[in-house]
Amino acid sequence: MPDLVQLTINGKAVSAPKGTLVIEAAKQVGIEIPAFCYYEGYSLQAACRMCLVEVEKMPKLMPGCTLPVAEGMVVHTESPKVVDSRKSMLEFLLTNHPLDCPVCDKGGECELQDMTFRYGLGESRFTDIKQHVDEKQWSPLVYFDAPRCILCYRCVRVCEEGMGVQALGIGKRGVATEIIPNAGDHLECDECGNCVDICPVGALTSGTYRYKSRPWEMNYAGTICTHCSDGCKTTLSVRNGAIIRANNRDRSGINGEFLCAKGRFGYDFVHSPERLQTPLIRKDGKLEPASWSEALSLVAARLSELKSRGAKFGVLGSTHTTNEENYYLQKFARTGLGTSNIDHQRTGDVPALLDALSGHENALATVGDLYTAKSVLVISSDLSQQHPLLAFQLRANYRHNRAAVYTVTPGPVRERDYAARSVVVAPGAELDLLPALADELKKHGNLVIVFGPAIKGGAVHSLVAFGDSLGIPVKYICLVSDSNSRGALDMGLLPDLRPGYQAEAQPGLALPEILAAPDLDALWVVGSNPFETAPLASRDCFVVVQDLFLTETAQAADVVLPSASAYEKSGTVTNTAGEVQRLKPGPKVMGAKSDLEILGLIAKEMGLDLGIWSSDKVFEEIRRTVRGYNVALPVIATGGASPTTPVNGHVPASRPDLIQDSGDTLFTSGTLGRYSNVLKSVMEAPGTLYKP
Amino acid sequence: MENLLQEPHPLETVLISRRFRLENSASLATFLANEGFAGFRKALTMTPDEIIAEVKLSSLRGRGGAGFPAGMKWSFVDRKSPKPKYVVVNADESEPGTCKDRVILQYDPFRLIEGVLIAARAIGSERGWIYIRGEYRYLIEHMNAVIAQAYAAGWLGKDIQGSGMNFDFATQSGAGAYECGEESALLESLEGKRGNPRLKPPFPAQVGAFQCPTVLNNVETYSAAPDVILKGGQYYADLGTPKNGGTRLLCISGHVNRPGVYEVRLGMNMLQAVNALAGGVWKGRKLKAIVPGGSSCPVLKAEECDIPMDYDSLAKAGSMLGSGGMVVLDETTDMVKLLSRIMKFYAHESCGWCIPCREGTTWLKKILARLDDGVGSVSDIDTVDQLAVNMFGHTFCPLGDAAAMPTMAIVRKFRHEFEAKLQSASQAFVPAPGTRSLPIVK
Ligand SMILES: Cc1cc2nc3c(=O)[nH]c(=O)nc-3n(C[C@H](O)[C@H](O)[C@H](O)COP(=O)(O)O)c2cc1C
Ligand code: SF4
Ligand code: SF4
Ligand code: SF4
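Note that the protein sequences, when read in sequence, are chains A and B.
Position one of the first sequence corresponds to residue 8 (this note's numbering), numbered consecutively onward.
Position one of the second sequence corresponds to residue 880 (this note's numbering), numbered consecutively onward.
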């Protein structure tokens, strides 16, 4: 326990660790000291002067946001002097504020409104002319209305300190002071919108949300981002059935309020005009709209018929579908169709990591561990481009705890700005360098190793052996690409591994072999687009595709079934660190069905007994039968993340040669990204990894 | 440079200014021939602690405005810190009414370098800068030349005069912001950043330039150090009043017959300074008020001016000795216009960092400009006072106070002038009843 200091706030006795700020100590006993510029986790400003409090024996009012507690200190936060001073600060602030609340996006959830309501004067003495500046557009996604800005500098700090980007600065002076992009009149940044989100007023507004709604006219659904594998919690704001905003203002979940551009703005694919809203059946060589019942019975009939004559099936799953859907799909393939020819596009060698960790306790790191670890080693990944949340966590760990961060990557990465060491090596030579770092790594006491898809197979075993040799607690994260890439592996969308990494007695064909088999009779593709890169060898093959869009694969299908995106359904997903989180449906898109429902309906039509296709029921089965998935339900039900317990035992190797990074960056996200006009609209070049 | 100075007035005590009238006073040769570097030579024979003790004994107080004891400030530097220590000279001289630092730089620049070397020796520093306001372009060039000469003659650089002491010194230019005279904003600007003030504590003595322990003083403060060391702290202290050691340069401007920079002992009577040194109020008019130490110091009405000029006496009179910029105002002075002009300055110079100063100065500027035109109501006069009260002590740095203090003083001491202006204005502005707040339905 650190040294405790005793003080009194408004007559209440408070004890707080030495160094605690008065504003935080007050919070502990339920006393609010209002502030605009103070923001937990970012540097102190003492600029807004809202938090001035009276401290006995001090001649002036003191800012509670920078004043550390002291023994015997007597603080008053509601004395007449303090109340007057607060009123005057708000009065000052409002002199040049446009007070255009009726048309301001922030109206109803604006901190300036709330503060004025609670602490303000109620009337204004200001009768002179207000300072006016025209609104500016800084990027397709970020607009700035200077008169509304109260200069709390939160945006500048979240960009510089939180994101490590430094796109925002302060210009001019006095009453003309303005936030300005450091690039002049536009942003050159990650377009993450964290500045928009953190802005207490309507000064920074979102290009996708502005003037669309009032906050009380929307429904909210707390779900999980469906882009990368970091698994950020996001709250979808839904109005008239459409998502019009995504943020995580309640700071729940593993990401707090952080979201990257994809999570915050890249939801528009859901409402793309190119979304499939009716099943399609190939007639006379052309895909024609059909009813659900016609399409489902056609698929069921063909599959039953093919199955009855012992046909060769191929099933390809998705890295974005839920655990329940993946589990149900492999069950369908294995027990319904009697085939192990099932696979998906693998993006990381989780089986090898689990095998190498056989016999280790507590060796899988969570996203939270990246914030608490004393040291972190990143191998072969540009986190800031591909795993923005992990990069954010690492930066915060450095900022708050001075964590030692090491990167060994094939090109320069943003982490080098603060890393203890940032080494660029030729691809393939990453592990050769580690012995040289060993002595330094040992010093820190504990370590999290985060490695990208280039480290696979034997290299993963070597890496774990290296970790073991350090003699300190080491945890690992095997990076995978998409929102449920990890779940696809865990749920056994693999020809040689069943759910929970149990060896498959009779391994089937893997993805390239399925596509290359000349005698394949049926191919069932759920939420992936294999034909984008490889053709189908078999000439006479019944192809069923479930997807949101008419992808290259769907275009070649015999039957296309329009499926719902992750934002439209329930279920669970597992992030790259193996943490399970729950999806909640936001909008509904007419005509589309969740993949689970589609699978269930086909099974029913075929007379197969694969169990009820409700996601809760399937998840129950997963918890019962899949190793590691007996997770804490209440945590998940309340929007938390529950880590899966690792399989502690031998896991057979599973074709590391098939592992391929998705190559997605900050502004790309596979098929979803192709249909997001918002992500395509940003001016920053997408797709450049390892920018100098 | 041509020497424009007249002979010292008999009431002056010339110490800092004693070389000003010599021919080629700014040259190294003149300096060396007239006790130049003698103080520093003596300091080289003293330990840092002895130097600091001597400066403490002298009760030399900062000449930049706040009047903080220099010896105390120097003693706060952690000399055992493994970091480099820096000496920074504040030559931002922007306080309206102040024009003394430039005289030192112009007429006896090596004195400053000597003072800086003494400070460097006292805190164990090997590097320093002089931060010169951007408007003093000619002085920046001049100081660059002076510094180059000092290097050439072995008074700066490595192993100064064979003493083993190293010290590098350079100029740094401001870009025209009053706020950059505030010590922490100066340091930000010195480092090449936007000139916003820093959060204090830590103070520069702990975390100053480039995160290192730093002593930062005004030009005149350093320039007093050579005599403190050479003639002894006690000698220097005895020139002034208790706790207010030595002499200081007084910049008398405004409605006087002989405006100028005069060196006086601390404690000289203010009226004597105006009447004897500056030749009295001009045009045979009567004295109305005096701004004693730069525009941020509350004005004193004529009848309040019969006081000794030292830090403590002025504080007792409700004002400040400040930077020594004394502005004399005759009976015809329009105090509304004066305050309006002062506020225009502060609104222009507010850095914008904190709410009360950023918004308060501009709001005041707008009201005062109106009142000066006779547009407004009596309640505006109260508002002016209340806004200043709301700013005072609530801002991030003292600039807000600097704007609030003269406002409160002028509006309270000369309220009748504000009222008279409103009355005499042709279109007196009378707000319709009930326009201030919505009627409350009972
Ligand atoms: C707004 C503001 C402006 C200032 N301007 C100057 C200045 O121009 N020159 C100066 O020496 N001190 C100025 N000061 C005072 C400095 O902050 C600091 O106290 C001083 O330089 C310390 O030196 P001293 O102790 O030798 O006076 C200013 C202070 C404030 C708050
Ligand atoms: S734009 Fe918003 S976040 Fe940024 S300084 Fe202004 S009010 Fe604060
Ligand atoms: S970091 Fe990944 S999970 Fe988080 S918002 Fe971005 S794309 Fe979504
Ligand atoms: S009082 Fe505030 S706005 Fe004014 S100069 Fe100081 S920090 Fe800047």
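For glycine and all other residues, C-beta sits at the position ideal for the given N, C-alpha and C.
Model, not experiment: these values are computed from the prediction.
Would you list the residues whose beta-carbon is nearer than 5 Å to any heavy atom of ligand 5, in the order they occur in the chain?
No copy of ligand 5 appears in this structure; the ligands present are ligand 1, ligand 2, ligand 3 and ligand 4.
When Cβ atoms are compared, which residues of the stretch 1230-1242 of chain B fall closer than 9 Å to chain A?
CYS1230, GLY1231, TRP1232, CYS1233, ILE1234, PRO1235, CYS1236, ARG1237, GLU1238, GLY1239, THR1240, THR1241, TRP1242
Distance, GLN392 (chain A) Cα to GLU691 (chain A) Cα:
Taking the first sequence and counting its residues from 1, the one referred to as residue 691 (chain A) is at position 684. Taking the first sequence and counting its residues from 1, the one referred to as residue 392 (chain A) is at position 385. Their Cα atoms are separated by approximately 12 Å.
Three or more C-beta pairs below 8 Å linking the stretch 328-335 of chain A and the stretch 577-590 of chain A:
yes
Tell me whether TRP223 (chain A) is buried or exposed, calling it buried when 16 or more other Cβ atoms sit within 10 Å of its Cβ.
The residue labelled residue 223 (chain A) in the question sits at position 216 within the first sequence. With fewer than 16 other Cβ atoms within 10 Å, it is exposed.
Measuring only the C-alpha atoms, how far is ARG161 (chain A) from LEU1078 (chain B)?
One-based indexing of the first sequence puts residue 161 (chain A) at position 154. One-based indexing of the second sequence puts residue 1078 (chain B) at position 199. The straight-line gap from Cα to Cα measures roughly 16 Å.
Here's a check: name, in chain order, each residue in its chain whose Cβ is nearer than 8 Å to the Cβ of PRO442 (chain A), leaving out the five neighbours to either side.
Within the first sequence, numbered from 1, the residue matching residue 442 (chain A) stands at position 435. For PRO442 (chain A), where only same-chain residues beyond five positions count, the Cβ hits under 8 Å are PHE473.
When Cβ atoms are compared, which residues of the stretch 1070-1096 of chain B fall closer than 8 Å to chain A?
ARG1073, ASN1075, LEU1078
Spell out whether any CB of chain D is found under 8 Å from the CB atom of ALA1226 (chain B).
Of the protein chains in the structure, A and B, none is chain D.
Quick one, are the C-beta atoms of VAL431 (chain A) and LEU440 (chain A) less than 8 Å apart?
Residue numbering aside, residue 431 (chain A) sits at position 424 when the first sequence is read from its first letter. Residue numbering aside, residue 440 (chain A) sits at position 433 when the first sequence is read from its first letter. No, the Cβ-Cβ distance between VAL431 (chain A) and LEU440 (chain A) is not below 8 Å.
Hey, out of B:MET1284, B:ILE1019, B:CYS1276, whose CA is closest to PRO70 (chain A)'s CA?
Counted from its first residue, the first sequence places residue 70 (chain A) at position 63. Here the closest residue by C-alpha is B:CYS1276.
Return yes when the C-beta of PRO1076 (chain B) is under 7 Å from any heavy atom of ligand 4, and no when it is not.
Numbered from 1 along the second sequence, position 197 holds the residue referred to as residue 1076 (chain B). Yes, the Cβ of PRO1076 (chain B) comes within 7 Å of a heavy atom of ligand 4.
When DSSP labels each residue in this structure, what does TRP3 (chain A) get in the three-state scheme?
This structure cannot settle anything about residue 3 (chain A), because the visible part of chain A is limited to 8 through 699.
In the DSSP output, what is LEU377 (chain A) paired with across the bridge?
Indexing the first sequence from 1 puts residue 377 (chain A) at position 370. In DSSP, LEU377 (chain A) forms no bridge with anything.
Secondary structure of VAL420 (chain A), DSSP reduced to three states
Translated into the one-based positions of the first sequence, residue 420 (chain A) becomes position 413. Coil at VAL420 (chain A), not helix or strand.
Since GLY729 (chain A) and ASP152 (chain A) are thought to touch, with beta carbons under 8 Å apart, how far apart are those beta carbons, to the nearest angstrom?
Lying outside 8 to 699, the shown extent of chain A, residue 729 (chain A) is not represented and no answer is given.
Relative to ligand 1, is the shortest distance from any of its heavy atoms to the C-beta of ALA949 (chain B) smaller than 7 Å?
For the purposes of this step, residue 949 (chain B) is identified with residue 70 of the second sequence, where counting begins at 1. True, at least one ligand heavy atom lies under 7 Å from that Cβ.
Ordered along the chain, which non-local residues of its own chain (more than five positions away) have a Cβ less than 8 Å from that of ILE931 (chain B)?
Here residue 931 (chain B) corresponds to residue number 52 of the second sequence, with the count starting at 1. If we look at ILE931 (chain B) and ignore the five residues flanking it on each side, its Cβ neighbours are GLY950, TRP953, SER954, ALA1001.
What number of angstroms, rounded off, separates the C-alpha of VAL1320 (chain B) from the C-alpha of ALA970 (chain B)?
Within the second sequence, residue 1320 (chain B) is the residue found at index 441, counting from 1. Within the second sequence, residue 970 (chain B) is the residue found at index 91, counting from 1. Caution is warranted here: a pLDDT of 46 is assigned to VAL1320 (chain B), below 50, making its placement in the model unreliable, and no coordinate value can be reported.
At 9 Å on the CB atoms, spell out the chain A contacts of GLY1124 (chain B), in chain order.
Stepping through the second sequence from its first residue, residue 1124 (chain B) is reached at position 245. Going along chain A, no residue has its Cβ under 9 Å from GLY1124 (chain B), so there is no contact; the nearest lies around 26 Å.
Which of the three DSSP states, helix, strand or coil, is assigned to PRO1187 (chain B)?
For the purposes of this step, residue 1187 (chain B) is identified with residue 308 of the second sequence, where counting begins at 1. Three-state result, PRO1187 (chain B): strand.
Determine, using beta carbons only, whether PHE1297 (chain B) comes closer than 8 Å to chain A.
Locating residue 1297 (chain B) in the second sequence gives position 418, where the first residue counts as 1. No, PHE1297 (chain B) lies away from the interface with chain A (no Cβ there is under 8 Å from its Cβ).
Under 8 Å between C-beta atoms, does MET96 (chain A) make it to chain B?
Here residue 96 (chain A) refers to the residue found at position 89 of the first sequence. Yes, contact with chain B.
Quick one: which chain A residues come within Cβ less than 7 Å of HIS1273 (chain B)?
In the second sequence, counting from the first residue as 1, residue 1273 (chain B) sits at position 394. Ordered by position in chain A, the residues that pass the 7 Å Cβ test against HIS1273 (chain B) are ARG56, LEU59, LEU68, SER92.
Sort A:ASP257, A:ARG409, A:GLY494, A:THR416 by Cα distance to TYR425 (chain A) and report the nearest one.
By 1-based counting over the first sequence, the position of residue 425 (chain A) is 418. Nearest of A:ASP257, A:ARG409, A:GLY494, A:THR416 to TYR425 (chain A), Cα basis: A:ARG409.
Our contact map puts THR892 (chain B) next to ARG1144 (chain B) with C-beta atoms below 8 Å; I'd like the distance itself, whole angstroms only.
What you label residue 892 (chain B) is simply residue 13 of the second sequence in a count that begins at 1. What you label residue 1144 (chain B) is simply residue 265 of the second sequence in a count that begins at 1. Yes, they are in contact, since the Cβ atoms of THR892 (chain B) and ARG1144 (chain B) sit about 5 Å apart, within 8 Å.
CB contact flag (ALA517 (chain A), ALA318 (chain A), <8 Å)
Within the first sequence, residue 517 (chain A) is the residue found at index 510, counting from 1. Within the first sequence, residue 318 (chain A) is the residue found at index 311, counting from 1. No, the Cβ-Cβ distance between ALA517 (chain A) and ALA318 (chain A) is not below 8 Å.
Any heavy atom of ligand 2 inside 7 Å of the beta-carbon of ARG161 (chain A)?
Here residue 161 (chain A) corresponds to residue number 154 of the first sequence, with the count starting at 1. Yes; taking the cut-off as 7 Å, the Cβ of ARG161 (chain A) has a heavy atom of ligand 2 nearer than that.
So, is the C-beta of VAL182 (chain A) closer than 8 Å to a C-beta in chain B?
One-based indexing of the first sequence puts residue 182 (chain A) at position 175. So yes, VAL182 (chain A) belongs to the interface.
Taking its Cβ as the centre, do 16 or more other Cβ atoms sit within 10 Å of PHE916 (chain B), making it buried, or is it exposed?
The sequence position of residue 916 (chain B) within the second sequence is 37, counting from 1. Buried, since its Cβ has 16 or more Cβ neighbours within 10 Å.
Does the beta-carbon of HIS139 (chain A) have 16 or more other beta-carbons within 10 angstroms, so that it is buried, or is it exposed?
Within the first sequence, numbered from 1, the residue matching residue 139 (chain A) stands at position 132. Exposed: under 16 other Cβ atoms inside 10 Å.
Please look up how many angstroms separate the CB atoms of ALA584 (chain A) and THR373 (chain A), rounded, as I've assumed it's under 8 Å.
Mapped onto the first sequence, residue 584 (chain A) falls at position 577. Mapped onto the first sequence, residue 373 (chain A) falls at position 366. So it is a contact: roughly 5 Å between Cβ atoms.
Heavy atom of ligand 4 within 7 Å of LYS1274 (chain B) beta-carbon:
Sequence index remark: in the second sequence, residue 1274 (chain B) carries index 395 (1-based). What sits at residue 1274 (chain B) in the sequence shown is Thr, not Lys. True, at least one ligand heavy atom lies under 7 Å from that Cβ.
Going by the C-beta, is PRO207 (chain A) closer than 7 Å to any heavy atom of ligand 2?
For the purposes of this step, residue 207 (chain A) is taken as residue 200 along the first sequence, with counting starting at 1. For ligand 2, at least one heavy atom lies less than 7 Å from the Cβ of PRO207 (chain A).
Residues in the same chain with beta-carbon distance under 7 Å from GLN513 (chain A), minus the five sequence neighbours each way, listed in chain order, please.
To locate residue 513 (chain A), count along the first sequence from 1; it is residue 506. Excluding sequence neighbours, GLN513 (chain A) sits near SER347.
For VAL457 (chain A), which residues from the same chain have a beta carbon less than 6 Å from its beta carbon, with the 5 sequence-adjacent residues on both sides left out?
As a first step, residue 457 (chain A) is located in the first sequence; it is residue number 450 there, counting from the start. VAL385, ILE484.
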